[in-house]
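Step one of this worksheet: look at the structure below.
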Amino acid sequence: MNPFDAVMIIVILLMAGAGYIAKALTVSGACMSFIVGASVYIGFSLQGFLLLLLFFSTSTLFSKYKKEKKRALEEKLEKHDRRDYIQVLANGGVAAACGLLYAATALPVYMWMFMISISAANADTWASEIGSLSKQPPFYIWTLKRVEAGTSGAVSLLGTAAGAAGAFLIAAACYFAFPSVSLSSILLVGCFGFIGNAIDTLLGASVQVRFRCQSCGIETERKDHCRKPTVKEKGITFFNNDVVNLAAVLLAAFTGGILILLLPI
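The sequence shown finishes on residue 1113 if you use this note's numbering, and the numbering steps up by one all the way, no holes.
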């Protein structure tokens, strides 16, 4: 390991600690952030780590933005804005795996999968955090009826626009971080990042587990509410929001990475 790499590993460790101090991460989340950051750096050097940092910093910013207005949504969510190790793994695990696989094999497909995974994770986070501030209730994708903000499988115009912006911000950053890639490939990175957000919505509406509070009647992701166990209402038991996020990122990254590799662009 050269001196610069050693310094970067220390920087990644310090930044993970800063995430904990800033109350963006739990202790386990900070530890997993270090593992993810180091794995990405090992595979894609400084430019890869900076892409990951762009995702994490903007996601944290929007999760804190107008936090008081989002307070009511916390009743529906299983977890709050401090990310634990599972949440970090759900959003950054694919990127970390791609970093290690690229370091071991140098196969281009892992570079494309890495880019798309960050784009998809950023799109989903922006769509959720910004979309929750929409003045109009979102639509449930299967019925097109208005539902409460925070409902899995619901979309709003603001959230959709934010998701697209988040996906293509990462794609644009990839264009500057990896100058050798073509513009058409980068556009596909943004498109598949946005598709990842759409997959997340579809999975949220179809298989994500949802519970009902026996006391207040609210639909929630939590297994307990109002100090009582909730009752499963729909979805697959193990398919919580973290599993949905991981599955959406993985599906988008895998299909997009293979397609970009096969296309003559």
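Every residue gets a Cβ at the ideal spot worked out from N, C-alpha and C, and that includes glycine.
The model shown is predicted, which means the values in this text are computed figures rather than measured ones.
- Per DSSP, the beta-bridge partners of Arg-1058 are Lys-1082.
- In this structure, Ala-1100 sits near Ile-964, with a CB-CB distance shorter than 7 Å.
- With distances taken between CA atoms, Leu-1036 lies nearest to Ile-1108 out of Ile-1108, Tyr-1023, Met-880.
- The beta-bridge partner set that DSSP reports for Glu-1067 consists of Arg-1060.
- According to the DSSP secondary-structure assignment, Arg-931 is paired through a beta bridge with Leu-873.
- Sequence-distant Cβ neighbours of Ala-1095 in its own chain, meaning closer than 7 Å and more than five residues away, are Leu-1051.
- In chain order, Lys-1071 place their CB closer than 7 Å to the CB of Pro-1077, counting only its own chain and leaving out the 5 sequence neighbours on each side.
- Counting C-beta atoms within 10 angstroms of its own C-beta, Asp-1090 has 16 or more neighbours from the protein chains shown and is therefore classed as buried.
- No residue range can be given for Phe-1087, since it is assigned to no alpha helix (DSSP H) and is classified by DSSP as neither H nor E.
- Spanning the alpha carbons of Cys-1022 and Ser-1063 requires a straight line of approximately 48 Å.
- In the three-state scheme derived from DSSP, where H, G and I count as helix and E and B as strand, Val-1003 is classed as strand.
- Thr-991 is classed as exposed because its beta carbon has fewer than 16 other beta carbons within 10 Å across all chains shown.
- As a beta-bridge residue in DSSP terms, Phe-987 pairs with Arg-994, Val-1003.
- Residues of the same chain with a CB within less than 8 Å of the CB of Leu-1031, apart from the 5 flanking positions on each side, are Tyr-1023 in chain order.
- Cβ neighbours of Val-888 within its own chain (closer than 7 Å, five residues either side excluded): Gly-896, Phe-897, Leu-900, Ala-943, Ala-944, Gly-947.
- When the five nearest sequence neighbours on each side are left out, the beta carbons in the same chain lying within less than 8 Å of the beta carbon of Thr-874 are those of Tyr-868, Arg-930, Arg-931, Asp-932, Tyr-933, in order along the chain.
- Counting along the chain, Ala-954 sits inside no alpha helix (DSSP H), nor does DSSP assign it H or E at all.
- In the structure shown, the three-state DSSP call for Lys-915 is helix.
- Burial state of Asp-853 is exposed, judged by a 10 Å Cβ sphere holding fewer than 16 other Cβ atoms.
- Burial check for Phe-1086: the Cβ neighbour count within 10 Å stays below 16, so the residue is exposed.
- Under the Cβ criterion (8 Å, minimum of three pairs), the region 982-990 does not count as touching the region 948-955.
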